[in-house]
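Below you'll find the structure, written out as structure tokens, and then a few comments.
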């Protein structure tokens with residue numbers, strides 16, 4: 001097992017997350033894609049921590065922080081989605097283009 | 102007689118200027134109740150004072166050495182401008198002529214402008230002219246002569262444009278101003294080019310400088326032509342002669358002044374510049390050529406005119422052309438004598454013409470006729486003027502032209518003698534024609550009832566005629582006539598014959614009316630060519646005016662579309678850029694995400710550019 005494999009997996013997961021973030025029309029799926037990207041980051045942190053810094057495990061501490069922050073962010077994100085939904089009765093991303101030009 | 106009278110001659114130009122200021126209150130805008138007449142009387146008084154002063158001063162300096170006076174004007178680093186004034190017999194004599202003719206013309210105007218309300222403006226401008234002419238005559242510096250010429254150009258514009266509600270007056274004043282201005286500007290070039298060469302603008306010092314000056318012939322030629330160009334436009338010489346024709350739209354009393362005196366301003370400057378012109382034979386030849394062409398052309402054109410004022414205006418050009426010939430041939434004495442003689446004779450002629458116009462309304466010679474029996478005074482004055490102008494023996498024109506031809510003959514310039522003789526012949530013919538058309542023949546509808554006008558109009562006219570007739574006696578008494586013994590008697594005979602033949606032919610055709618319709622004698626094409634002044638307006642319009650107009654339109658277009666367009670393009674481009682780039686804000690979250698990602702990827706690539714090969718190798722090995 002090499003570090004590179006983990007990094008590649010994480011990059012692939014990040015790209016999938018990006019793809020989902022850019023293409024999804026449902027707001028919830030966008031939030032989910034963000035979670036995917038955050039998880040890809042966590043994978044990176046864990047892999048680096050394991051291979052490069054097994055003594056201090058700084059990366060693992062980082063990822064603990066990332067998970068907590070991600071949870072909080074998802075909560076706030078869902079709250080925002082709910083408030084938009086209350087006003088506009090939809091969760092379609094294509095409908096939220098009021099602030100264009 | 103206090104000895105200070107000549108020394109205080111510098112006051113003479115100031116009297117009419119004070120008159121100018123005093124007329125202003127009587128313009129219709131200020132004093133509304135009394136009418137404009139006092140302005141005229143004030144000016145006549147001022148002119149009279151100036152006249153008396155110049156006569157007394159002339160008596161004082163007669164036979165004395167010239168006195169000089171210098172008034173400092175401007176002193177800046179490296180340039181001292183003082184106004185030098187010369188009080189000599191010549192300048193004071195010219196002052197007497199100017200103020201005397203002005204006095205007569207202003208008295209004349211009292212009668213002529215009886216039915217006009219614009220006296221204040223008219224007399225103010227006449228007085229401005231008088232002041233300007235006096236100052237020009239007194240001042241002995243080319244620079245200040247130029248300044249005064251420019252002021253007089255403005256004066257011409259205003260005076261020709263006196264009745265500005267007539268459209269022809271407006272265009273005439275415009276042409277008079279622009280044409281004279283062009284000449285003035287070229288003169289300015291000459292004036293400015295002269296200073297580094299001579300280091301002075303005083304006519305006297307210029308003459309001294311010119312005696313020993315060694316300058317490049319091309320430079321001398323260009324300088325000479327530049328200096329001639331100013332007088333060329335002032336004296337209405339070809340090709341800058343159209344303005345005098347159009348200036349005949351102005352009021353007649355001002356025409357008297359203009360034709361007899363004002364056009365002579367250029368000749369005066371030219372005479373004073375003769376030593377400088379003499380530096381370059383080419384410039385002298387140019388002066389002679391211009392003068393000869395104008396003299397021939399002007400006298401020919403005057404024969405074909407049907408407007409009485411225009412006949413005389415082209416004769417003015419022709420006689421100024423003779424002055425040019427005289428100056429070009431270095432005969433300044435003859436030139437000055439010619440100017441003096443011409444001024445009096447032309448004033449008498451124009452006053453006669455005005456006396457006719459003032460009560461038969463029309464200026465068209467073809468509608469006049471048969472006035473001799475009822476207008477004898479005008480007729481006699483006209484005859485006196487005509488005789489004084491052409492070379493008829495006892496009178497002034499004969500002496501001036503005799504001196505000119507004599508000088509030309511002894512310089513072996515036989516062609517020029519021929520030209521002078523021809524011009525004299527043509528002028529005599531032209532004057533006889535005008536006389537015949539006005540006074541001989543049968544009465545026409547316009548001339549059926551034509552009394553002699555007011556005494557105020559007749560008095561200056563007869564005085565002018567009298568002066569013209571007495572001029573030879575005055576000249577004789579003052580020892581100013583060329584000595585009879587030294588003169589070429591053959592020339593005298595030739596000149597006399599040329600005038601007599603011209604006058605006789607004119608009389609046969611127009612006084613005796615031997616031929617029914619003399620206009621049939623010449624081909625109508627030639628006749629039209631002369632009557633329309635060689636189509637000069639058309640030539641102007643198709644050359645200079647067209648060129649300048651096209652250039653202005655082009656410049657305007659360039660400014661409007663290229664210069665403005667360039668700046669506007671910058672503004673428009675930013676506007677258009679903003680209008681287009683705002684569509685980058687698509688309002689979609691996913692698009693913003695993509696943008697952020699692309700930014701990150703690009704910056705990442707950019708920052709890791711050096712490491713890319715390393716990474717690639719790693720991947721390849723792996």
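Protein chains in written order, with our numbering: chain A, 1 to 101; chain B, 102 to 723. Where a beta carbon is used, it is the ideal one built from N, C-alpha and C, also for glycine.
| said: Quick check on this structure: which residue in 237/B, 294/B, 343/B has the alpha carbon closest to the alpha carbon of residue 323/B? | reply: 294/B
Inspect the CB distances between the region 506-518 of chain B and the region 423-439 of chain B and report whether three or more fall short of 8 angstroms. yes
task = Measure the alpha-carbon distance for residue 258/B versus residue 339/B and round it to whole angstroms.
result = 20 angstroms
Measuring alpha carbon to alpha carbon, tell me which of 275/B, 319/B, 364/B ends up nearest residue 439/B. 364/B
Next on the checklist: I want to verify the contact list: residues of chain A whose CB lies under 9 angstroms from the CB of residue 689/B, in sequence order.
Outcome noted: 93, 94, 96, 97, 100
How would you list, in chain order, the residues of chain B whose beta-carbon sits under 7 angstroms from the beta-carbon of residue 13/A? Result: empty, since nearest Cβ-Cβ is about 15 angstroms, beyond 7 angstroms.
Next on the checklist: With a threshold of 8 angstroms, are at least 3 pairs of Cβ atoms found where one atom belongs to the region 534-554 of chain B and the other to the region 470-480 of chain B?
Outcome noted: yes
What residues from chain B crowd round residue 21/A, counting only those whose CB sits closer than 9 angstroms? 690, 691, 694, 695, 698
Through-space distance from residue 350/B to residue 411/B, alpha-carbon basis: 10 angstroms
Strictly under 8 angstroms for the Cβ-Cβ distance: is residue 684/B near chain A by that measure? yes
- Kindly indicate the opening and closing residues of the alpha helix (DSSP H) around residue 65/A. 58-88
Residue 69/A at chain B interface by Cβ criterion, 8 angstroms:
no
Practice task
For residue 18/A, go through chain B and note every residue whose CB falls closer than 9 angstroms to its CB, in chain order.
Solution key: 694, 695, 698
Relative to the C-alpha of residue 156/B, which candidate in 528/B, 631/B, 193/B, 557/B has its C-alpha closest?
193/B
Along the chain, where does the alpha helix (DSSP H) containing residue 425/B start, and where does it finish?
409-429
Endpoints, the alpha helix (DSSP H) within which residue 258/B is located:
243-261
Item to check | Spatial neighbours of residue 592/B in its chain, beta-carbon cut-off 8 angstroms, leaving aside the 5 residues before and after | outcome: 503, 506, 507, 510, 518
**OP:** Note down the Cα distance separating residue 153/B from residue 437/B, rounded to an integer number of angstroms.
**Re:** 23 angstroms
- Anyone know if the C-beta pair for residue 368/B and residue 442/B falls short of 8 angstroms? no
Notebook entry, point to check: Which class does residue 514/B belong to by DSSP, given the choice of helix, strand or coil?
Noted result: coil
Item to check | Residue nearest to residue 498/B in terms of C-alpha spacing, selected from 451/B, 573/B, 607/B, 346/B | outcome: 573/B
*Got a sec? Which residues, its chain only, sit under 6 angstroms from residue 344/B by beta carbon, not counting five neighbours each side?*
276, 277, 280
inquiry  = Could you tell me the alpha carbon to alpha carbon distance between residue 100/A and residue 13/A, rounded to whole angstroms?
reply    = 31 angstroms
- Buried or exposed (CB count within 10 angstroms, at least 16 for buried), residue 370/B: buried
Query raised in the report: Quick one: what does DSSP say residue 176/B is sitting in, helix, strand or coil?
Result: strand
Distance check for residue 596/B and residue 404/B, CA to CA, integer angstroms please. 19 angstroms
If you compare alpha carbons, which of 452/B, 419/B, 389/B is closest to residue 514/B?
389/B
For residue 176/B, which residues of its own chain have a beta-carbon under 8 angstroms away from its beta-carbon, when the five flanking residues on both sides are left out?
182
List the whole-angstrom C-beta distance separating residue 631/B from residue 416/B, where the pair is believed to meet the contact cut-off of C-beta under 8 angstroms.
Actually they are not in contact, since the Cβ atoms of residue 631/B and residue 416/B sit about 14 angstroms apart, beyond 8 angstroms.
task: Reducing DSSP to helix, strand and coil, say where residue 215/B ends up.
output: coil
* Asked: To which residues of the same chain is residue 57/A closer than 6 angstroms at the C-beta, ignoring the five residues directly before and after it?
  -> 49
Where residue 619/B and residue 312/B are concerned, what is the direct C-alpha to C-alpha distance, given to the nearest angstrom? 53 angstroms
| task | With distances taken Cα to Cα, identify the nearest neighbour of residue 373/B among 432/B, 406/B, 555/B, 629/B. | result | 432/B
Short check: CB of residue 566/B to CB of residue 475/B, under 8 angstroms?
-> no
Exercise for review: Kindly indicate the opening and closing residues of the alpha helix (DSSP H) around residue 94/A.
Suggested key: Neither: residue 94/A is in no alpha helix (DSSP H) and is coded neither H nor E.
(Q) Whether or not the region 129-148 of chain B and the region 233-242 of chain B are in contact is what I'm after, with contact meaning three or more pairs of Cβ atoms, one per stretch, closer than 8 angstroms; do they touch? (A) no
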